[in-house]
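Residue numbers (the numbering used here): 207 to 378.
The C-beta atom is built at its ideal place from N, Cα and C for all residues, glycine as well.
Model, not experiment: these values are computed from the prediction.
Here is the structure we will look at.
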């Protein structure tokens with residue numbers, strides 16, 4: 207049996223792996239700084255959410271990355287708005303969170319939101335749990351921070367996808 211390194215490493219894309227590493231670094235730093243500037247307690251959550259957005263959005267082509275970025279930002283916006291409405295009207299409770307997730311899911315189904323608003327649900331839960339951990343953080347500031355983190359991460363993911371696509375086209 208012949209040992210073929212090229213065949214083994216064919217699915218490996220070092221440029222994409224490098225881009226992902228850069229996306230994680232940039233989104234972590236920007237997310238932590240952005241959030242820490244307004245709410246030091248949740249800066250690491252900001253770093254994590256921006257990083258997750260960048261990784262989810264970074265795809266092998268810009269078109270797919272833009273689509274993923276749009277879904278991420280739209281879902282985050284919807285989740286942040288619903289979380290804001292909930293937190294202005296009620297204090298956090300586990301039952302309240304479950305009911306709100308149920309209502310959000312129904313709302314997303316009715317309006318045909320892609321994936322029935324999976325990103326919206328994730329954002330809603332994150333905002334509600336952060337409000338429980340940091341009750342002094344206003345619902346508006348909490349929602350705006352989470353939306354900003356997701357948007358920054360998405361933009362970083364799209365920018366790096368564009369750079370990867372540009373580099374790949376030039377190499378051909």
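CB-CB under 7 Å to residue i, same chain, minus the five flanking residues each way: which ones, in chain order?
i           : result
residue 264 : 225, 226, 229, 271, 363, 366, 367
residue 371 : 267, 268
residue 249 : 238, 241, 242
residue 279 : 356, 357, 360
residue 337 : 293, 298, 343, 345, 348
residue 247 : 340
Can you tell me whether residue i is helix, strand or coil according to DSSP?
i           : result
residue 219 : coil
residue 344 : coil
residue 319 : coil
residue 267 : coil
residue 273 : helix
residue 329 : helix
residue 429 : This structure leaves residue 429 out entirely; the chain is present only between 207 and 378.
residue 296 : coil
residue 243 : helix
residue 378 : coil
Using CA atoms only, rank isn't needed, just tell me which of the options is closest to residue i.
i           : options            : result
residue 356 : 244, 219, 375, 274 : 274
residue 332 : 312, 254, 322      : 254
residue 251 : 279, 296, 217, 340 : 340
residue 240 : 338, 267, 348, 373 : 348
residue 219 : 318, 266, 345, 276 : 266
residue 285 : 248, 335, 242      : 335
residue 320 : 369, 276, 376      : 276
residue 288 : 344, 330, 278      : 330
residue 295 : 223, 344, 369, 377 : 344
residue 306 : 317, 290, 318      : 290
Does the distance from the CB of residue i to the CB of residue j come in under 8 Å?
i           : j           : result
residue 353 : residue 283 : yes
residue 259 : residue 323 : no
residue 299 : residue 311 : no
Which whole-angstrom value describes the C-beta separation of residue i and residue j, a residue pair presumed to lie in contact below a C-beta threshold of 8 Å?
i           : j           : result
residue 257 : residue 234 : 5 Å
residue 373 : residue 221 : 6 Å
residue 281 : residue 325 : 2 Å
Leaving out five residues on either side along the sequence, give the residues of the same chain with a beta carbon under 6 Å from the beta carbon of residue i.
i           : result
residue 237 : 252, 253, 256, 355
residue 302 : 296
Which residues in the same chain as residue i place their Cβ atom closer than 8 Å to its Cβ, once the five residues preceding and following it in sequence are excluded?
i           : result
residue 244 : 347, 351
residue 304 : none
8 Å is my cut-off, CB to CB: does residue i come that close to chain B?
i           : result
residue 370 : Protein chains in the displayed structure number just one, and chain B is not present.
If you measure from the CB of residue i, is any heavy atom of the ligand MN nearer than 7 Å?
i           : result
residue 240 : In the structure on display, the ligand MN does not appear, and there are no ligands present to speak of.
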